[in-house]
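A.B. asks: Following this message is one structure expressed as structure tokens.
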Amino acid sequence: MNREVLVPETAAARGWRVAARIYRWCDGNLEFALMNTSYALCTLIVFVEAVRRYLFRSQAPWSGQAAMYLFIWLSWIGCAYGIKTRAHLRFDEIRDRLPYLAQFVLKLIDYAVWILIALITLVFSIKQIMLQAQLGSVVQGTDHFPLWVAFLGVPFGWSLVLWRTLQCIVEDVRRFRAKEPISDKFSLEEVA
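Each residue of the sequence shown is one higher than the one before, counting from 6 in the working numbering.
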């Protein structure tokens, strides 16, 4: 008679399982959720303030700034989403006619450019945020909301760009080794 001993799950194992589940959700949904939230909030603020301005002749002093900073978050997170879904600007007509190895090398050059731009943007945006934090700058029209929090969208978005670029490199190297097509044909069906 073979008896299995049930070993209780450790807290560390549970923690890793939860972390893996959170990572999988973020990997599949983070940009989409943040873009939709930013877009909805931006639209709501602009709509409410337009109605207030038209009907009551008043407007919250922070509303224009809030909409602008939400749009900054939306833009850079959207850039990462474009890389994740491979919907970024490219010129496939010429590339698709090149030999397989040349296509792969050009993809690696593309990725190197994305990584370089991301690193430069990260360095300078983090320096700017640190300066804003040291100076105690606040969002115009507010008394206490720190400006550096509003600008966190730039390094956050470019960190996502860097991460998604690295994911694309890993996937394309896998495809290249397996002799699979490395074309980035984008379709809306894949995103939905």
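From the three backbone atoms N, C-alpha and C, an ideal C-beta is built for every residue, glycine too.
(1) What are the start and end residues of the alpha helix (DSSP H) that includes GLN214?
(2) For the segment 44–57 against the segment 13–30, are there 3 or more C-beta pairs whose distance is under 8 angstroms?
(3) Please report the straight-line C-alpha distance between ILE134 and PRO104, rounded to a whole angstrom.
(4) Compare the beta carbon distance of LEU157 and SER142 with 9 angstroms and say whether it is the shorter of the two.
(5) Going by the DSSP bridge assignment, what does PRO160 pair with across the sheet?
(6) Could you check what DSSP says for VAL166 in three-state terms: helix, strand or coil?
(7) Determine contact between the segment 159–175 and the segment 81–100, defined as no fewer than three beta-carbon pairs at a distance below 8 angstroms.
(8) Got a sec, what are the start and stop residues for the alpha helix (DSSP H) ASP97 sits in?
C.D. replies: Walking through what the data contain:
(1) With the chain represented from 6 up to 197, any question about residue 214 goes unanswered, as that position is not in the structure.
(2) no
(3) Taking the straight line from one Cα to the other gives about 45 angstroms.
(4) no
(5) BP columns for PRO160 are empty, so no partner.
(6) helix
(7) With a cut-off of 8 angstroms, the segment 81–100 and the segment 159–175 count as touching, because enough Cβ pairs lie within range.
(8) 97–100
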